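Going down the list, the protein sequences come from chains Z and W.
Per my numbering, residue 12 is the first one in the first sequence, and the count goes up by one each step.
Per my numbering, residue 6 is the first one in the second sequence, and the count goes up by one each step.
Using N, Cα and C, we set each Cβ at its ideal position, and we do this for glycine too.
Here the structure is a predicted model, which means the values were calculated and not measured.
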Amino acid sequence: MRALVVFLAPVWLLAQQARDTCVECHTVMEGELQKPALLMKGDVHTASALSCADCHGGDRFSDDPTVAMNKAKGFIGKPKRTEIPQLCAKCHSSPDFMRRYRPQQRVDQFELYKTSVHGKRLATGDETVATCIDCHSVHDIRGVKDNQSPVHPLRLPDTCGRCHADAQKMAKYKIPTNQLAEYKTSVHWSALAKRGDLSAPNCASCHGNHGAKPPEVESVSAVCGSCHVLFAQLYEKSVHQPIFSAASGGGGCIVCHSNHGIHQPSVAMLAGPKAVCSGCHEAGSAGAKTAEQMAQLLDGLDASLTRSENTLTLADKYGMEVSEAQVKLLDGKENLVKARLMMHSFRIEDMSKPVEAGMGVAAETLRAGQAALHDKDVRRMGLAVSVFFIAITVAAIWLLLRRQESDGSGYIEASASQITKE
Amino acid sequence: MRTKTFTWLNERLGLDGIREFAAHKTVPVHSATRWYYFGGITLFLFGVQVITGLLLMFYYRPTVAEAFDSVRFIMTRVEFGWLIRSIHSWSANLMIFMAFVHMFSVVFTHAYRSPRELTWGSGIALLGLLLGFGFSGYLLPWNQISYFATKVGADVAGSTPIVGPSIARILRGGEDVGAATLTRFFALHVMLLPMLTVALIAFHVILVQKNGMSTPPWLKASSVRQMKFFPNFFLREAMVWYGALAVLGALAAIFPWELGEKADPFASAPKGIRPEWYFLAQFYTLKLIPSHVWFIEGELLGLLGFGALAVSWALLPVWGVNRAGEARVRLVSGAGIFLVVYLAVFTYLGYVK
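Given below as structure tokens:
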């Protein structure tokens, strides 16, 4: 009997360790009380063997609800919204604790949150602002890389938009609610959602995540420049930098490119009825003329490269070998990209170098394409001449045979057959 | 002067004998006479391959670093290089097609029967050599498609039981298709295969001269009218050869053989990678066979099947005739039709799927 007790004791202890009476009871409840027990099956914390009591306190081993949910056992029940960041920070701000589960994860989220607009307003008692659970969800919290997580790059804009696109929720803060709608027309969303480029900017890329706040006017070009490095460097040295920085309602890049609804830039931004330059530079002014000149340079190079490309494509379609010229054309396209980049210094002389180089490539590849098309014509003419002479030769042989065989010579009738063997 | 030269040569070469032979050589004239031309067309195209191949060798460099660029140089910089390379590629494909036509014409006119067993056997061996030319030549431009198709081909060869891994290693010159494979394939393509092919063609043609042209079994040889080989058949053959030359020129000028992109062993295989059309039927068959049939690997089973088919096809003169030496017309024609339909349908499916 003693031996049996000694043998079974560790088994019993292990079974007790695995027990979680919170889940056991809440699973058989209904409605809101059952929901957390069901949701937590997909939660990253559950996967790391953390349970309800780790956040809510109490005794998860007791079958008696008065013991399991006893304040003396640390039970806090449903935490107040204002207490949620501290509650999460209890573990997430502890390097020692986090090292056991996610050694590479940062532990400064709470500190950043406190500097954010959300955190500051929460500190004043505004309970409608976002806390951890509003973005990360609650009870079914998933890793950022999990595509079901509300903070996965593809889902984050909609998560922010849940509040920021809600006019009723934003009314008391007097901030616009069109950011999400505008963002979804932008090149950034297109890259993220259509091209599947998860590194493309979402809300958090510019505003920060835990320390979320709108970029100040001075920092706009720094925010954009964290990806568009060369553009920002040119802009910072340009004539527009001090002027745009002094602009009210947001400066820097967004003066021309907007902020959330950033569309594919085009030459139409420089000249023509939709030109953004004309918003400041009156028609006929030196600035407007420079913008027009820039547009002409870019348009001219683009048109020349397109013409070369079309010619090469046509030659390629005819089976002509133009791969060398097609590779060369890529240099021209690179120069067009460079010219568009250099435009951000707003100096014609900076743009001219890549434009001239690009025009040179366009001319060279056009010549190669035209030469290939000319070759194609020469080949076909050569073919026609060859076929003509072959046809004459065949006709001559046929006539010769007809003349020779007209009297039956060249044939041996069956009876005279000598050589053939069956 | 002309007579003196002829006499001088005749004394040394015995030209009179050849002239005598040519004067008496005849070709049977009947409803299937047109099929006699296909062996000649195949021979003509082989001649085109030899000449264009020699010209390509002036510029081609068989190294991984230079092969692709040297072919591009031939196509873009060398005077008429595009024509020579395109004709070489088109002629290769037409030659294999004509060899197949020639083989099936022999099957359907039952010309494999005694005393032409060796003619048939040497013809089958020649077809195998031509396929070897195709496989080895395909890699030489060292472009993306040929590189990956050769990888697949070498892997398939490697699946042959017992000797497979050794064959694959010998073919590739290592564990993977690379620099050693290119030089090996070049050596095979321009030395070994041409020497064997020329010797075998000579043997094949000598046998044709020795045994004469076969007449189909449903005709009595003694009741068939004969045409003099020279000049009557010879001139007709010349017209066909001229026609083939015009077709080759047209294909090369209107549809130049494309070069593709330089092979990149580190790139992922291009989509829809497949071998040349003459291996497509086998390729598609292997794709259709399940990975395991009972306890045998699917690919192995396919290769064993192709091996058995090739051996039994080469032994056609044995099972295609009865004890009296007469052709089993219905059996052989049925097998021939089955094979033609199989090759045509599976090649088409391999191409579109």
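Check: Tell me whether the segment 83-95 of chain W and the segment 122-131 of chain W touch, counting them as touching only if at least three CB pairs, one residue from each stretch, are closer than 8 Å.; Outcome: no
Check: Show which residues of chain W have a CB atom less than 8 Å away from the CB atom of glutamate 416 of chain Z.; Outcome: Asn237
Check: Are arginine 154 of chain W and proline 280 of chain W closer than 8 Å when you measure CB to CB?; Outcome: Arginine is not the amino acid found at residue 154 of chain W; the sequence shown has alanine there. Yes, Cβ-Cβ distance for alanine 154 of chain W and proline 280 of chain W is below 8 Å.
Check: List the residues of chain W that arginine 391 of chain Z touches, going by C-beta distances under 8 Å, in chain order.; Outcome: Ala258, Ile259
Check: Taking the beta strand (DSSP E) that proline 33 of chain W falls in, what are its first and last residues?; Outcome: 31-34
Check: Can you tell me whether isoleucine 301 of chain W is buried or exposed? The criterion is at least 16 other CB atoms within 10 Å of its CB, across all chains shown.; Outcome: exposed
Check: What are the start and end residues of the alpha helix (DSSP H) that includes methionine 108 of chain W?; Outcome: 86-113
Check: With a threshold of 6 Å on Cβ separation, who are the neighbours of leucine 209 of chain Z within its own chain once the five nearest residues in sequence on each side are excluded?; Outcome: Pro164
Check: Using a Cβ-Cβ cutoff of 8 Å, what residues of the segment 399-410 of chain Z are near chain W? List them in chain order.; Outcome: Ile401, Ala402, Thr404, Val405, Ile408, Trp409
Check: Along the beta strand (DSSP E) that carries methionine 232 of chain W, what are the first and last residues, could you check?; Outcome: 230-233
Check: Can you tell me whether threonine 10 of chain W is buried or exposed, with buried defined as 16 or more other CB within 10 angstroms of its CB?; Outcome: exposed
Check: For histidine 6 of chain Z, which three-state DSSP category applies?; Outcome: Since the first and last residues shown for chain Z are 12 and 433, residue 6 of chain Z lies out of range.
Check: Between glutamate 16 of chain W and phenylalanine 43 of chain W, what straight-line distance do the alpha-carbon atoms span, to the nearest angstrom?; Outcome: 35 Å
Check: Can you say whether tyrosine 117 of chain W is buried or exposed, counting buried as having 16 or more other CB atoms within 10 angstroms of its CB?; Outcome: buried
Check: Residue ranges of each beta strand (DSSP E) run of no fewer than 3 residues wholly in the segment 265-341 of chain W, ordered along the chain?; Outcome: none
Check: In whole angstroms, what is the alpha-carbon distance linking serine 417 of chain Z and leucine 410 of chain Z?; Outcome: 10 Å
Check: For glutamine 287 of chain W, which residues in the same chain have their Cβ closer than 7 Å to its Cβ, ignoring the five residues on either side in sequence?; Outcome: Phe311
Check: What number of angstroms, rounded off, separates the C-alpha of alanine 379 of chain Z from the C-alpha of lysine 156 of chain Z?; Outcome: 49 Å
Check: If contact means a Cβ-Cβ distance below 7 Å, which residues of the segment 314-326 of chain Z contact chain W?; Outcome: none
Check: In this structure, how does DSSP classify tyrosine 65 of chain W when only helix, strand and coil are distinguished?; Outcome: coil
Check: Does the CB of serine 228 of chain W have a neighbour CB from chain Z at under 8 Å?; Outcome: yes
Check: Which bits of chain Z does glycine 254 of chain W rub up against, with CB to CB less than 9 Å?; Outcome: Gly393, Leu394, Ser397, Val398, Ile401
Check: Anything in chain Z within Cβ reach of glutamate 242 of chain W, meaning under 8 Å, just list it in chain order.; Outcome: Result: empty, since nearest Cβ-Cβ is about 10 Å, beyond 8 Å.
Check: Taking C-alpha atoms, which residue in W/Phe51, W/Phe191, W/Lys30, W/Arg39 lies nearest to arginine 241 of chain W?; Outcome: W/Arg39
Check: Under three-state DSSP, which class holds isoleucine 401 of chain Z?; Outcome: helix
Check: On the DSSP bridge assignment, give the partners of tyrosine 422 of chain Z in chain order.; Outcome: W/Met232
Check: Helix, strand or coil for asparagine 346 of chain Z, going by three-state DSSP, please let me know.; Outcome: helix
Check: Check asparagine 189 of chain Z in the structure and name its three-state DSSP category.; Outcome: coil
Check: Given glutamine 429 of chain Z, which residues of its chain have a CB within under 6 Å of its CB, disregarding the five upstream and five downstream residues?; Outcome: At glutamine 429 of chain Z, the pLDDT of 44 sits below 50, so the modelled position is not reliable and the matter cannot be decided from this model.
Check: DSSP on asparagine 15 of chain W, reduced to helix/strand/coil?; Outcome: helix
Check: Kindly list the residues whose CB is nearer than 6 Å to the CB of leucine 50 of chain Z, restricted to its own chain and excluding five residues on each side of it in sequence; keep chain order.; Outcome: His150, Asp151
Check: If you drop the 5 nearest sequence neighbours on each side, which residues of the same chain put their C-beta closer than 7 Å to that of alanine 336 of chain Z?; Outcome: Leu323, Thr376, Ala379, Gly380
Check: What are the residues of the segment 72-83 of chain W that lie near chain Z, defined by any Cβ-Cβ distance shorter than 9 Å?; Outcome: Arg77, Met80, Thr81
Check: Go through its chain and collect everything with a Cβ distance to phenylalanine 242 of chain Z's Cβ below 6 Å, but skip five positions before and after it.; Outcome: His355
Check: Which class does asparagine 148 of chain W belong to by DSSP, given the choice of helix, strand or coil?; Outcome: strand
Check: In chain W, which residues lie with their C-beta within 7 Å of the C-beta of glycine 330 of chain Z?; Outcome: Phe260, Pro261, Glu263
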